[in-house]
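Protein chains in written order, with this note's numbering: chain A, 1 to 389; chain B, 1001 to 1389; chain C, 2001 to 2389; chain D, 3001 to 3389.
The block underneath contains the structure these notes are about, expressed in structure tokens.
Number of protein chains: 4
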Amino acid sequence: MSASPSGAGAALLGGLFARGAAAGAATDEALLQAMLDVEAALARAWARAGAISPAAAEVIAGACRAERFDVSALAAEAARHAQPVVGLVAALRDAVGPPAAADVHRGATSQDVLDSALMLVARRAVPAILADLQAAAAAAAALAQAHAATPMTGRTLLQPAVATTFGLKAAGWMTALDDAADALARVWAEVLAVQLGGPVGSLDAPGVVQDVGRQLDLVAPALPWHADRRRPAELATGLALATGASAKVARDVTLLAQGEVGEVREGGAGGRSSSMPHKRNPVAAVSALACAQRVPGLVATILAGMAQEHERAAGAWQAEWPTLLELLRSTGSAVAWIAELAQGLEVDADRMAANLAHLPAPAPDTGPAAALVGRALAARRERAQRLRP
Amino acid sequence: MSASPSGAGAALLGGLFARGAAAGAATDEALLQAMLDVEAALARAWARAGAISPAAAEVIAGACRAERFDVSALAAEAARHAQPVVGLVAALRDAVGPPAAADVHRGATSQDVLDSALMLVARRAVPAILADLQAAAAAAAALAQAHAATPMTGRTLLQPAVATTFGLKAAGWMTALDDAADALARVWAEVLAVQLGGPVGSLDAPGVVQDVGRQLDLVAPALPWHADRRRPAELATGLALATGASAKVARDVTLLAQGEVGEVREGGAGGRSSSMPHKRNPVAAVSALACAQRVPGLVATILAGMAQEHERAAGAWQAEWPTLLELLRSTGSAVAWIAELAQGLEVDADRMAANLAHLPAPAPDTGPAAALVGRALAARRERAQRLRP
Amino acid sequence: MSASPSGAGAALLGGLFARGAAAGAATDEALLQAMLDVEAALARAWARAGAISPAAAEVIAGACRAERFDVSALAAEAARHAQPVVGLVAALRDAVGPPAAADVHRGATSQDVLDSALMLVARRAVPAILADLQAAAAAAAALAQAHAATPMTGRTLLQPAVATTFGLKAAGWMTALDDAADALARVWAEVLAVQLGGPVGSLDAPGVVQDVGRQLDLVAPALPWHADRRRPAELATGLALATGASAKVARDVTLLAQGEVGEVREGGAGGRSSSMPHKRNPVAAVSALACAQRVPGLVATILAGMAQEHERAAGAWQAEWPTLLELLRSTGSAVAWIAELAQGLEVDADRMAANLAHLPAPAPDTGPAAALVGRALAARRERAQRLRP
Amino acid sequence: MSASPSGAGAALLGGLFARGAAAGAATDEALLQAMLDVEAALARAWARAGAISPAAAEVIAGACRAERFDVSALAAEAARHAQPVVGLVAALRDAVGPPAAADVHRGATSQDVLDSALMLVARRAVPAILADLQAAAAAAAALAQAHAATPMTGRTLLQPAVATTFGLKAAGWMTALDDAADALARVWAEVLAVQLGGPVGSLDAPGVVQDVGRQLDLVAPALPWHADRRRPAELATGLALATGASAKVARDVTLLAQGEVGEVREGGAGGRSSSMPHKRNPVAAVSALACAQRVPGLVATILAGMAQEHERAAGAWQAEWPTLLELLRSTGSAVAWIAELAQGLEVDADRMAANLAHLPAPAPDTGPAAALVGRALAARRERAQRLRP
């Protein structure tokens, strides 16, 4: 963690809720640049299709740099149109000047640009989430390996039940994190798509769609999907699986770190209290839980908006923009916290052993748990083989 | 629609909210039978593993019929234990009698039975949802084909924009419904899994897990997943995609059926008003929207519960039971309504043509839209080839 | 708890999720009777207004008994009309026969009957919720009084912080429960209203509205509120405050009852595990948390439906019916569990004292906490004076 | 609308989602200043209580200006502690210097400052929401008065039903907006409270609590409410009622403004399309719907967090901070849009009359509707009398 965050993390609450690289890639500023990247790719695709001149495309593409635009003015224009593209296209035309100005935004509707840009923001932000999930899962795997046979109390309904091993608990975290990564990677690879359909989705230019998709590294769909919101919904639910897996780890850590339990402790410098020096707060776990807490409501907003009207919705579509950005930031933050947490977690096997006294049979057979851990780790190695290019 | 529904559909509001075969398969009664089916499969698997006698397994399996149990008594016992399995196992042991009684529920914990049973309920209910999605998509495909070049007003933000064709709109419905079916079919095939881990998830009996999985037609997972709720979450979100796609169709139909628009009408006998004979209510669309409206909140409940404590959660797990049943019923009902709606939809191409007068350029070129429809239908045929066994 | 529940509680999961008197009063059956009660009150009000004969009104009212109607047939009719009132009115007219049949449902639209009936169901169910909140708060007050100076560990972020007293914790529960009761009592007294507006809400019959309101003990509003959903929304949020306060108590109890903490235990016979006799599960707390977990999503469904179309919504209104019933059942169950829990809670002051050893300063001054408890109890007595008739 | 928004509204999407004065008062920056205002009030209260010197209090208060603090550094510190107060107090102590530094934050815990600050942000932001609700309701009242007898089609389930008047529809909007304002005004006056309890809520200093409350214009509660989240929940639901009432108006306007209906049009300069000059988009209504769409999920997040652990929650509390800020911004924006919309709405009585042709009885008696409007307007005048100081 750097001493002075920048971007989304620099806001007062950003240290908690906009942590990590994904959060930094899912800002209003990143959306603006993505919108411009869509316009640039569109111009180049039309040029390759022979519809505009290559020179015009390069002039347009050259102007597509977010730092050249006045965001306040764009925001004011966005308020006049209930979307920011009309104003951006006008500003881009001004920046480009004649004759290329006439070739800006060719064939496209505002929703083409915004939807493609949001997909592009996700395309850029999700790899950091996948990397943090992978780091967290790897750390959990190491814990599972190291503690495959470390006995601890298994707890159901928050009551001591029978013994298990810490390795098995960590293997459960690992599996959930890996599965979440697989699900989100599938969304990243198969779901994030370019949008290009013109005013009512009837643009018939498959070559241009594919060209834009290639440039932006997005799927080229068979049909425009202006009012078919499966893609944002799958992105949202894919992110929710990642936060859910992260929150499970965090929940366990907050419980295991309780003073009366004392079986794990977060590493790192955070969490010391000046007024209460005996206290070491589970800062990463608490922060991850806070980020995760926000996600189900955000997902519900996206899902509730799927019943969109006709060729472009009046409200439900627009609500997706800030909601998707926040989902990316909240998820990115949650997994960033969990990666740090898992990598630095301190395990107190002695306390685990001592706490077994709460069970009637304190001398557990750890063999079955260790065997399960072994199989889970083997399955993970096979998965790694499978994913290797 | 039968005159007298039975099961879930027979409750006063069941005609709307528990329609179709999936709703009938996702009731408390179905859950009870599924729990018994899990116990039966478990006994047989242990018998095949040599742990209990085949005779005992058959005695147990023979007793696993829901109609033999007193549901009120089970409900009372469920209240004593915060779950219905303890009481059911006791009642099943009573029904079986010695010596087989001792072999009932071997190695299992209550969560094994409940989780497996809920997965089994979903396994049985989802095919009806897939069938209705398929029927709806097929009907939409027929509409797309028939009206590929039927001009109509494209509408954005609920304003007339430029012309499109009704076929393109129907092709959008079709694609969304097919995609939802694909996503849900993947959940059905890959996600729904048996749960078998014993009190704290450390049961090491992979052969038994696989045997139970084969018997119940559920995935056999590498690890128990007592506190890793990806599977319920993916089920919930898979269902939400199906209701979302359905709700989009329903929204369009309610809007197109407005008196001042008049471009479509629901077929069928429903929706006539005795007091207002001129009125023909879009009963199926309204009902589908009502069912779909309930789904995002239910999904949020499942997602919010993923941060489960330790080896079995205190509250968040239990909340899944009625929520998953309701998700299956609500989704099943929504898609059942949409299948009927799509199959009976009456299209008024003359009104579509007349309404084009609201556009400045009322003589549209329907060629691009028709080309897109053609490609979408071709993609659908390829998909059908791909899915064919 | 009776051995054999009936009604809503008799379903397999009803022991957990449909506990207590409010759940029993918020069923499909109760809704049917409430619809009939509305029809009866309407007839009598028109009779008093001179529009129909008193004899006809009495014939109608006499027929308004739910057990006389075929619910399956009504459900089938409900599916034909996307609402159950058309079928019910037809059946009621059949039951009444000429000439009074013509006076059934006079001036009313289906939504008048359904909305009034849902309000009436709430009017009948909420007092049981208030009684359970009151019982729980009274039990918490007794705990606060008895343990005003019983030292225990105060815990923040699930870490031992500094000492507090159990009485102060219980006073916090008490205050939250009392405040929730006050908020819900206000909804009960001021918000639950009759609906009577005719087909599009333009019925001008204030005397009849007031008469029906008097009969059903509901507020008589200035305007019909067919598409103004503040009342259902306030009911939903009032219920959510009650479950929220209940869930806080339950959360604390599950944490305090952990084996390693051991500071409280649920009383009563429930929660013993046959396979793990050392274990005593916090059955009431777990069940209350499970019920409460379902509520935020249900509230979101109601709130998301407030943007209703024109004079009667196409989907969002209909979705309220099962959602409100479930909110009443879930809330009723949660508070019923909490009342039992609070009344039977066993407090282990010795363990509380022993656990203080986790703090650096284990000899706390309990004076300030006790003083706060004293003031909170005094405030409660003043509140009781204020509420006394 | 100014050409160049500032603050929250200046972000790219801020023109839509951070419109109006409430949004500007509910930013991270405003929260920081509010935290400092709490510290200043606390110091002065302790000085009046004789615990610190008046000079020290004034030194502290003088340093409590947000612009003097390095937000990036505070954000970094917030990440170390899972909350921003520890870092702020340290920075404030640095700014103050000895000896007054030792008197900073006396008796308080971080949650005291954050909770009080969030309440203070709400206290400052809500009046703008109330003003916009009032402006919108007044505009609706004027429409109701002017069009009390203007006949139009009443529509149920999006079908023409029977005639009503536009005045009655506007009176419904008015009533809903006024009722939402009343509910939110009650929250503003009675619910927003100071938090001051020290590390575990056992601070016994009622005089200081009341003094801080007086300074900050917040309620002084009987007990600290660290883990009793009724107040944030009531704030959230109060805001949701306001967005719900706003969304109802917006929904109706989008529907009435459809090309085929054409009964209303938004005034103002917005919404013209350069590429489709015939089109006039309902920009305000769409934007209000977009803002409102986000609210139910945010409310669910707050409600789901009420089951907080012990004396300070590990995650659920922290999640409230950005969520409450967003609720204030989303609600503020929604009502700002609706106030503009209602004030500028253009009504086409001729189209309303023409569209009555879709009804079988096109010559309606508008008397009852007009009478209802009259009573609703009279009730509004009485309400105004009642609210007058």
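All C-beta atoms, glycine included, are put in the ideal place defined by N, C-alpha and C.
Would a C-beta distance cut-off of 7 Å place residue i and residue j closer than the cut-off?
i, j, result
"Ala399/A", "Arg294/A", "Lying before the first or after the last residue shown, residue 399/A is absent from chain A, which here runs from 1 to 389."
"Pro160/A", "His358/A", "yes"
"Val3396/D", "Leu1157/B", "No information on residue 3396/D is available, as it lies outside the stretch 3001 to 3389 that chain D covers here."
"Val162/A", "Val1089/B", "no"
"Ala3370/D", "Ala3149/D", "yes"
"Gln1195/B", "Asp1112/B", "yes"
"Met2174/C", "Ala2135/C", "no"
"Val212/A", "Ala49/A", "no"
"Pro2296/C", "Ala3300/D", "yes"
"Ala3100/D", "Ala3030/D", "no"
"Leu256/A", "Glu263/A", "yes"
"His81/A", "Arg1155/B", "no"
"Ala3284/D", "Glu3234/D", "no"
"Pro221/A", "Val253/A", "no"
"Ala1290/B", "Gln2308/C", "no"
For residue i, which residues in the same chain have their Cβ closer than 6 Å to its Cβ, ignoring the five residues on either side in sequence?
i, result
"Gly1267/B", "Gly1344 and Glu1346"
"Val3126/D", "Trp3188"
"Leu2327/C", "Ala2236, Leu2239 and Leu2298"
"Val2038/C", "Val2113, Ser2116 and Ala2117"
"Ile2338/C", "Ala2136, Ser2246, Val2249 and Ala2288"
"Glu77/A", "Gly87"
Tell me whether residue i is buried or exposed, calling it buried when 16 or more other Cβ atoms sit within 10 Å of its Cβ.
i, result
"Leu3387/D", "exposed"
"Gln385/A", "exposed"
"Arg2381/C", "exposed"
"Phe17/A", "buried"
"Ala2041/C", "buried"
"Pro98/A", "exposed"
"Asp1103/B", "buried"
"Asp3179/D", "buried"
"Asp2228/C", "buried"
"Asp28/A", "buried"
"Pro1054/B", "exposed"
Residues in the same chain with beta-carbon distance under 8 Å from residue i, minus the five sequence neighbours each way, listed in chain order, please.
i, result
"Leu184/A", "Val126, Ile129, Leu130, Leu133, Gly238, Leu239, Leu241 and Ala242"
For residue i, collect the residues of the same chain with a Cβ closer than 7 Å to its Cβ; drop the 5 residues on either side in sequence, then sort them by chain order.
i, result
"Glu3320/D", "Pro3232, Ile3302 and Gly3305"
"Ala1108/B", "Leu1042, Leu1196 and Gly1198"
Could you round the C-beta distance between residue i and residue j to whole angstroms and report it? I think they count as a contact, below 8 Å.
i, j, result
"Val2096/C", "Ile2060/C", "6 Å"
Cβ-based contacts, 7 Å cut-off: residues of the region 2319 to 2339 of chain C near chain B: Ala2319, Trp2321, Pro2322 and Thr2323
Members of the region 175 to 195 of chain A that neighbour chain C once the beta carbon cut-off is set at 7 Å: none
Interface positions of the region 2138 to 2162 of chain C facing chain D (Cβ-Cβ less than 8 Å), listed along the chain: Gly2154, Arg2155, Thr2156, Leu2157, Leu2158, Ala2161 and Val2162
Chain D contacts from the region 1351 to 1374 of chain B (Cβ-Cβ distance under 8 Å): Asn1355, His1358, Leu1359 and Pro1360
Chain C contacts from the region 3081 to 3094 of chain D (Cβ-Cβ distance under 8 Å): Ala3082
Chain D contacts made by the region 1252 to 1267 of chain B, where a contact means CB separation under 8 Å: Thr1254, Leu1255, Ala1257, Gln1258, Gly1259, Glu1260 and Val1261
Within 8 Å of chain A by C-beta, residues of the region 2280 to 2292 of chain C in sequence order: Taking 8 Å as the Cβ-Cβ cut-off against chain A, the residues of the region 2280 to 2292 of chain C that qualify are Arg2280, Asn2281, Pro2282 and Val2286.
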